[in-house]
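Residue 981 in our numbering sits at position 72 of the sequence shown; the count goes up by one each step and never skips.
Beta carbons: idealized from backbone N, C-alpha and C, even for Gly.
Down below is the structure, laid out as structure tokens.
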Amino acid sequence: MLEILQIPVWRDNYAYLARCTATDTVACVDSPEAGPILEALAERGWSLDLLLNTHHHPDHIGANKVLKEKTGCRIVGSCHDPERIPGIDRQVDEGDVVQVGEQHARVLFIPGHTRGHIAYHFEQAQAVFSGDTLFVAGCGRLFEGTAEQLWSSFQKLMALPPETKIYGAHEYTLSNIRFALSVDPDNLALRVLEVQAQALRETKQPTVPSTLAQELQTNPFLRVDRSEIAQAMDMPGAPPAQVLAELRARKDTF
Ligand SMILES: [Zn+2]
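Shown next, in the form of structure tokens:
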């Protein structure tokens, strides 16, 4: 089994520990800050074997060097961005497999948010660590890639089994839902999600992970090929990537 521990860091970041229970092998996904990750390891008596980075932003690689010094973990990151992943030991690309004990993660190359962004899909555990590319009801900003690249990255994620749990790196759900409802107001699944997410946040519980099935129903950025989203952008019949570009631009200033 893969045991996944979610570690809230700062106001809205999540780091994750993923442990193969059969072999006691532990991987950390992204490293915003060393303290909470080292504490979580110490509390459980776990030792860190691997650090899997999704992309180079400081709130994802900030504690790479400290974690490597303190635990001796091996650092895995994108072969499209090695110079921006501190301490990288192994460069991975689309289709590569990272072993975490008896569990394995297949790497998906999903550029758009950054030019080197990758995700880690644990097939047996039905979990994908999507970094800042896909959030609950939203997505990360287009900093370095094109809308075409991001749409093709989304299609890779959308091709995973619908029960796949999506472990994004931020708790942005409530603000994402507010924007999503502004462009997709008649989406009943989105209304239901709003009520559920509000209840969770009122008691400080995470809304992450969601499932791919939920995102396909509610996330407007995965629904840019639907007529209602194109219509909301005043772009009926436009290609999905163009609708995505407009949708992302509107979210940037929402
Ligand atoms: Zn980022």
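For residue i, the nearest candidate out of the options (CA to CA)
| i | options | result |
| --- | --- | --- |
| Glu1124 | His1026, Glu1103, Met1144 and Glu1111 | Glu1103 |
| Asp968 | Gln1126, Ala943 and Gly1146 | Ala943 |
| Thr913 | Thr1042, Cys929 and Tyr1081 | What sits at residue 913 in the sequence shown is Ile, not Thr. Taking only the C-alpha atoms, the option nearest Ile913 is Cys929. |
| Trp955 | Ala936, Asp1002 and Pro941 | Ala936 |
| Pro1129 | Gly1004, Gln1035, Leu1043 and Glu1003 | Leu1043 |
| Val1001 | Gly1025, Gly986, Ala931 and Leu911 | Gly986 |
| Gln1012 | Glu992, Pro945, Gln1105 and Ala1036 | Ala1036 |
| Asp998 | Pro941, Asp933, Leu961 and Ala1141 | Leu961 |
Residue i Cβ short of 6 Å to ligand 1 heavy atom set
| i | result |
| --- | --- |
| His965 | no |
| Asp921 | no |
| Asp1161 | no |
| Asp939 | no |
| Asp933 | no |
| Asp1041 | yes |
Beta-carbon proximity of residue i to residue j, cut-off 7 Å
| i | j | result |
| --- | --- | --- |
| Thr1116 | Gly1040 | no |
| Lys1065 | Leu1017 | yes |
| Val918 | Ala927 | no |
| Leu950 | Arg983 | no |
| Ile994 | His965 | yes |
| Ile1075 | Ser1136 | no |
| Val1133 | Pro1149 | yes |
| Ala1046 | Thr1073 | no |
CB contact check: residue i to chain B, cutoff 7 Å
| i | result |
| --- | --- |
| Ser987 | Absent from the structure is chain B; it holds one protein chain and no more. |
beta-carbon residue i near ligand 2 non-hydrogen atom, thresh 6 Å
| i | result |
| --- | --- |
| Leu914 | Ligands displayed in this structure: ligand 1; ligand 2 is not among them. |
Q.
Threshold first: 4 residues or longer. Then list the alpha helix (DSSP H) segments lying entirely within the segment 949 to 1018, N to C.
A. 967 to 970 and 973 to 980
Ranges of the beta strand (DSSP E) found wholly within the segment 1066 to 1107, counting only runs of at least 3:
1074 to 1077
_Touch test, the segment 1047 to 1055 against the segment 1091 to 1100, Cβ-Cβ under 8 Å, three pairs minimum_ = no
ask   = How about the segment 1020 to 1029 and the segment 1053 to 1062: do they share at least three Cβ pairs that are nearer than 8 Å?
value = yes
Discussion item. Would the segment 1107 to 1116 count as touching the segment 1023 to 1035 if we require 3 or more Cβ pairs under 8 Å?
Written reply: no
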